[in-house]
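Student: Handing you a structure now.
In our numbering, the protein residues as written are 141 to 297.
Structure below.
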């Protein structure tokens with residue numbers, strides 16, 4: 141049966157494997173042009189950023205709403221007085237733009253999280269597994285291609 145405990149654990153392990161392969165290929169790619177300890181740190185950085193992807197997206201939404209509220213008050217002619225502990229909205233907009241661009245590069249490890257399925261006794265369907273595997277494959281291919289290109293370029297020089 142596809143809905144049993146063992147098939148779900150196997151599907152979950154496949155998701156963990158896909159996430160691990162992303163981290164490993166990122167580390168391997170970095171090792172083509174960085175020292176070993178730095179490339180390991182890069183792999184940890186990818187893991188850390190990928191794990192906080194959802195948190196970052198939520199905080200971006202909150203800060204964008206905050207900036208929009210401040211801009212509406214300014215458009216209405218209300219006096220906006222910046223509190224001493226408040227960051228200037230222009231700086232927040234620049235930081236939001238930088239974070240938004242960065243989120244297009246960093247993998248979203250939330251796609252590999254099967255804990256809700258496991259805790260709520262919900263079967264992990266094949267489409268979720270296929271979507272996550274395809275998502276992982278994109279990053280794996282890009283990281284391997286980048287590492288191979290760097291090694292090829294280093295051989296030419």
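Just so you know, even glycine gets a beta-carbon here, dropped at the ideal spot from N, CA and C. For clarity, every value in this text was computed on a predicted model and none was experimentally measured.
1) Less than 8 Å between C-beta atoms, sequence neighbours within five positions excluded: which residues of the same chain meet that for residue 98?
2) For the structure I just gave you, are there three or more beta carbon pairs, one from the region 246-254 and one from the region 264-278, closer than 8 Å?
3) Anyone know if the C-beta pair for residue 284 and residue 165 falls short of 7 Å?
4) Counting Cβ pairs closer than 8 Å, one from the region 280-297 and one from the region 168-175, do we hit at least three?
5) Thinking C-alpha only, which one of 275, 288, 210 is nearest residue 160?
6) Just to confirm before moving on: does the CB-CB distance between residue 197 and residue 163 stay below 7 Å?
7) Where do the N-terminal and C-terminal ends of the alpha helix (DSSP H) with residue 201 fall, by residue?
8) Compute the beta-carbon to beta-carbon distance between residue 193 and residue 246, rounded to the nearest angstrom, for a pair I have assumed lies under 8 Å.
Tutor: Checking against the coordinates, here is how it stands:
1) With the chain covering 141 to 297 only, the question about residue 98 has no answer from this structure.
2) Touching, yes.
3) yes
4) yes
5) 275
6) Cβ atoms of residue 197 and residue 163: not closer than 7 Å.
7) 193-215
8) 6 Å
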